[in-house]
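A short worksheet on the structure shown next.
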Amino acid sequence: MSDRDCTALLQWALPHLNHRWEGYRRVRRQICKRLAARVDALGLADMPAYRKRLEEDLAEWTALRATLRVTVSRFFRDRGMFHALAQSILPALAELALKKGEETLRVWSAGCASGEEPYSVSLLWTFELPTRLPALDLSILATDIDADVLRRAKIACYPASSLKEARPDWLAQAFVKDNGDFCLRPELRVPVQFLQQDLCEKIAKGLLARLVPGGCLILGAHERLPPGSESMVAKSETAGIYWKTASGDAFALQPPGHFYNGAS
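Using the working numbering, you'd call the opening residue of the sequence shown number 45 and step up by one each time.
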């Protein structure tokens, strides 16, 4: 399976997923190996055959999106962001929560990958903020679409390379060595709960909720509505054009008075 065919497939498919080829150039070999495995799993001959499959099977775009996913994550990867979290953002949010009479500050880590980000917040809260926020608990919901990375996140053991930006004194207090990896102590995992969730699907559902009755949603040929979209009727599934019913009941597939009624 040639590198040229894989590159041609990527350059064709990526714009359909709102991705840029430039962002994948450096990891092309890794992605092409995954694509080759996907082609083999489908029993297809080559990349042109896979392109034909994509053109004929909209569901395959979901599998392709997962195949293209590249995860680069480390503890405290963006130092500036975590400094801002510790010095201003978390204290301000905590103060607001306390004024509301709440006992827990809730944080959502969307696209959490292997857990480095939510666990970094847990470390901040434990080692940086306890004297400033003694009356408040922390609860972190960490979500990702990839079940494999979530399994690794729950295990919470990481190579040294994932921890190179963490403070050495925190490493000694927060992790124990196990077969060359650094495993987060159980008490620091407690605030974090993991949930498999497709953020794009969640956004789509929110968009559908905002669309007014009689409104039109145009997704394009390579996108699908999420499950639970019974209020939407297809004008053309091939083109990805849907109308929202007036009352949740299906009506004739004729557009309302205006082609686009917009979101409320």
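Positions of the beta carbon are idealized from the N, C-alpha and C atoms, including for glycine.
Which residue's Cα is closest to the Cα of residue i: the options?
i      : options                           : result
LEU112 : VAL234, ASP190, ALA197 and TRP287 : ASP190
ARG121 : CYS156, LEU149 and SER183         : CYS156
ARG97  : ARG73, TYR68, LEU215 and LEU53    : LEU53
THR106 : LEU243, SER158 and GLU172         : LEU243
SER117 : ILE184, PRO230, GLN241 and SER164 : SER164
HIS127 : LEU207, SER205 and TRP169         : TRP169
LEU142 : GLU161, ARG176, GLU100 and LYS198 : ARG176
ARG254 : LYS288, LYS208, GLU231 and SER205 : LYS288
GLU99  : ALA57, SER206, LEU232 and PHE238  : ALA57
ILE247 : ALA154, LEU137 and ALA81          : ALA154
LEU129 : LEU207, ASP101 and GLU172         : GLU172
GLN131 : GLN237, PRO174 and LEU252         : PRO174
Residue i and residue j: beta carbons closer than 7 Å?
i      : j      : result
LEU61  : ARG95  : no
PRO235 : LEU194 : no
ALA200 : LEU167 : no
PRO320 : ASP225 : A query on residue 320 cannot be resolved here, the shown segment of the chain reaching from 45 to 308 and no further.
LEU211 : SER158 : For the record, residue 211 in the displayed sequence is Arg; it is not Leu. Cβ atoms of ARG211 and SER158: not closer than 7 Å.
LEU207 : PHE119 : yes
Buried or exposed for residue i, please, with buried defined as at least 16 other CB atoms from any protein chain shown within 10 angstroms of its CB.
i      : result
ASP192 : exposed
ASP49  : buried
MET125 : exposed
ARG70  : exposed
ARG103 : The question names Arg, but residue 103 in the sequence shown is Ala. By the 10 Å Cβ count, ALA103 comes out exposed.
ALA307 : Low confidence applies to ALA307: its pLDDT is 35, below 50, so where it sits in the model is not reliable, and the reading given next is rough at best. That one is exposed.
ARG64  : exposed
ASP188 : buried
ILE133 : exposed
VAL114 : exposed
ALA136 : exposed
PHE303 : In this prediction, PHE303 has a pLDDT of 31, which is less than 50 and means its spatial position is unreliable; what the coordinates show is noted afterwards. With fewer than 16 other Cβ atoms within 10 Å, it is exposed.
GLY259 : buried
With three or more beta-carbon pairs closer than 8 Å as the criterion, would you say the segment 208 to 217 touches the segment 139 to 158? Contact between the segment 208 to 217 and the segment 139 to 158 is absent, because fewer than three Cβ pairs lie under 8 Å.
Exercise for the section: Would you mind listing the alpha helix (DSSP H) stretches within the segment 174 to 255 that are 4+ residues and don't spill past its ends, in chain order? Expected result: 191 to 199, 212 to 218, 230 to 233 and 243 to 254
Return the chain-ordered ranges of every beta strand (DSSP E) run that is complete within the segment 111 to 180 and spans a minimum of 3 residues.
148 to 154
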